[in-house]
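Here the structure comes first, spelled out in structure tokens, and everything after it is commentary.
Residue numbers (UniProt numbering): 1 to 459.
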């Protein structure tokens with residue numbers, strides 16, 4: 001300020017003041033002219049001082065008639081001296097047609113970063129201009145805010161900001177997004193409304209947790225301009241890529257089908273609404289646990305059917321630990337060796353096998369117009385009995401029951417199919433809550449998932 005008065009040639013007047021003679025009648029015209037000039041400069045200096053001080057000191061200043069007394073008063077008042085430096089900024093924000101008042105006062109013009117917030121006891125809402133700070137943002141929230149200079153700015157949304165602290169992650173809710181705002185504001189009132197405690201003392205502001213009042217979250221030091229800036233570390237928006245998420249989703253939907261097969265389905269457009277599948281780094285934990293098996297036997301040649309119903313593979317599985325809603329604990333499997341068509345029937349007791357077989361036989365023979373030639377099983381007692389032998393001799397002498405001892409299970413069609421289903425079933429149960437549905441629902445899901453993707457070889 002001294003430099004400013006020196007530039008205006010007023011510093012001598014501020015330091016020494018103007019001494020009025022006791023009797024001005026004896027003064028010459030030249031002396032009277034100099035005296036009037038000093039009075040004018042004294043009034044000019046007084047004007048500069050009065051326009052710079054705060055309004056709360058104005059009433060006291062008007063009682064002081066000379067600028068020298070004003071200067072001494074300003075030196076004793078640090079707030080007036082700070083205002084004389086010219087580094088001040090005052091903004092008054094109020095929301096249109098609302099009782100909420102948003103005020104902000106800061107005596108600093110220093111540049112602040114996007115992660116710097118000012119603790120403001122007069123602001124009724126948290127506000128920021130940094131859109132990237134939001135964890136969630138509702139951009140449908142719109143309103144107008146009027147600044148102190150009657151300038152209207154728009155609120156483009158409201159959301160939550162996630163920050164990292166030494167005590168963990170904190171979520172700041174109900175933060176207004178105002179793109180034209182120049183400074184981020186922390187509302188003291190809004191924090192107290194959420195249960196937080198703020199203590200102003202000495203040269204710092206201490207913030208305590210809303211649940212544990214003794215837990216100190218942050219301590220903000222007061223800066224030279226009597227402001228409380230706090231620097232936050234944003235968490236940012238954490239989300240996986242949509243393509244990766246969709247890849248895992250469809251991997252599970254199709255019974256933990258391999259990702260290369262999913263890519264082929266998408267490229268050849270063999271499934272509708274299947275998104276583009278990306279290669280995923282890492283392994284599926286459910287697949288590692290559910291698809292463990294012995295090392296395969298050496299591959300060999302086996303006889304294959306050349307027509308529908310020429311060879312039918314069959315087996316009974318059960319009892320299952322978890323029954324279905326109909327209390328079924330068994331199911332019987334029929335696989336056509338030529339077409340790989342699969343039929344599954346669920347049963348409460350194993351004694352129902354013969355009844356189910358007759359039902360299956362009538363169905364497939366009427367649909368195809370052909371007869372079952374060979375029925376292949378694993379020497380189970382459900383077929384090796386007098387009742388089944390009598391049925392074959394009396395009505396359908398052309399059926400041959402081929403009972404085999406399975407030494408190499410991987411060479412048996414039924415065993416390979418069941419293994420594939422068991423893999424899918426175990427994977428799905430480990431990855432979801434499917435185990436609550438019962439074995440019937442799990443088996444049907446596995447059968448459907450097996451039939452959807454194409455297979456390179458017959459299984």
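Where a beta carbon is used, it is the ideal one built from N, C-alpha and C, also for glycine.
Using 10 angstroms around the beta-carbon of residue i, count the other beta-carbons present and answer buried if the total reaches 16, otherwise exposed.
i	result
residue 117	buried
residue 307	exposed
residue 195	exposed
residue 466	Since the displayed the chain opens at 1 and closes at 459, residue 466 lies outside it and no answer follows.
residue 229	buried
residue 159	buried
residue 250	buried
residue 361	buried
residue 254	buried
residue 171	exposed
residue 123	buried
residue 12	exposed
residue 169	exposed
So who's on the other strand from residue i, going by DSSP bridges?
i	result
residue 251	Its beta-bridge partners do not exist; DSSP assigns none.
residue 228	Residue 228 is not bridged to any residue.
residue 127	176, 185
residue 117	184, 230
residue 219	206
residue 154	144
Tell whether a beta-carbon distance below 7 angstroms holds between residue i and residue j.
i	j	result
residue 145	residue 153	yes
residue 333	residue 370	no
residue 277	residue 263	yes
residue 427	residue 283	no
residue 338	residue 356	no
residue 187	residue 130	no
residue 211	residue 197	no
residue 246	residue 275	yes
residue 173	residue 235	no
residue 375	residue 312	yes
residue 219	residue 204	yes
Would you mind giving the Cβ-Cβ distance between residue i and residue j, rounded to the nearest angstrom? I have them listed as a contact below 8 angstroms.
i	j	result
residue 177	residue 128	7 angstroms
residue 185	residue 138	Not quite, the Cβ-Cβ distance comes to about 19 angstroms (not below 8 angstroms), so this is no contact.
residue 377	residue 336	Not confirmed; about 15 angstroms, so no contact.
residue 10	residue 41	6 angstroms
residue 179	residue 193	Not a contact, Cβ separation roughly 25 angstroms.
residue 39	residue 18	6 angstroms
Specify, as a first and last residue, the run of the beta strand (DSSP E) that residue i falls within.
i	result
residue 315	311-317
residue 158	157-165
residue 293	Premise fails: residue 293 is in no beta strand (DSSP E) and is neither H nor E.
residue 201	197-201
residue 377	374-377
residue 336	330-336
Return the first residue and the last residue of the alpha helix (DSSP H) that residue i is part of.
i	result
residue 286	285-290
residue 138	Not the alpha helix (DSSP H): residue 138 falls in the beta strand (DSSP E), residues 134-138.
residue 265	259-267
residue 363	353-368
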